[in-house]
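Student: Numbering (my numbering), first residue to last: 31 to 99.
The beta carbon of each residue, even a glycine, is placed where N, CA and C say it ideally should be.
This is the structure in structure tokens:
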């Protein structure tokens, strides 16, 4: 999330920025969701992707089906 008092970018603004940075169309986000804080593990403080997926109905951080080739 952005700093206090600053509006987060819209999906359109983010896509425009990413295209200007050279990302391909298939790499661009299709939706944008904000969260107050990412779920983190107690010991190593790593982000817990499985908890983030559960919060968002199994859609966050899923990656592609070809990952791990």
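Flag this pair as yes or no: are the beta carbons of residue 59 and residue 44 separated by less than 8 Å?
Tutor: The answer is yes: Cβ separation under 8 Å.
Student: With distances taken from CA atoms, which of 39, 80, 87 is nearest residue 70?
Tutor: For the residues 39, 80, 87, the minimum Cα distance to residue 70 belongs to 80.
Student: What does the alpha-carbon distance come out to for the pair residue 49 and residue 55?
Tutor: Roughly 8 Å between the two C-alpha positions.
Student: Can you look up residue 70 in the DSSP assignment and give me helix, strand or coil?
Tutor: The answer is strand: DSSP assigns residue 70 an E or B state.
Student: Taking the Cβ atom as the reference point for each residue, do residue 41 and residue 61 lie within a distance shorter than 8 Å?
Tutor: Their beta carbons are under 8 Å apart, which means residue 41 touches residue 61 by this criterion.
Student: Rounded to the nearest angstrom, how far is the Cβ of residue 63 from that of residue 86, given a contact under 8 Å?
Tutor: Sure, about 7 Å apart at Cβ, within 8 Å.
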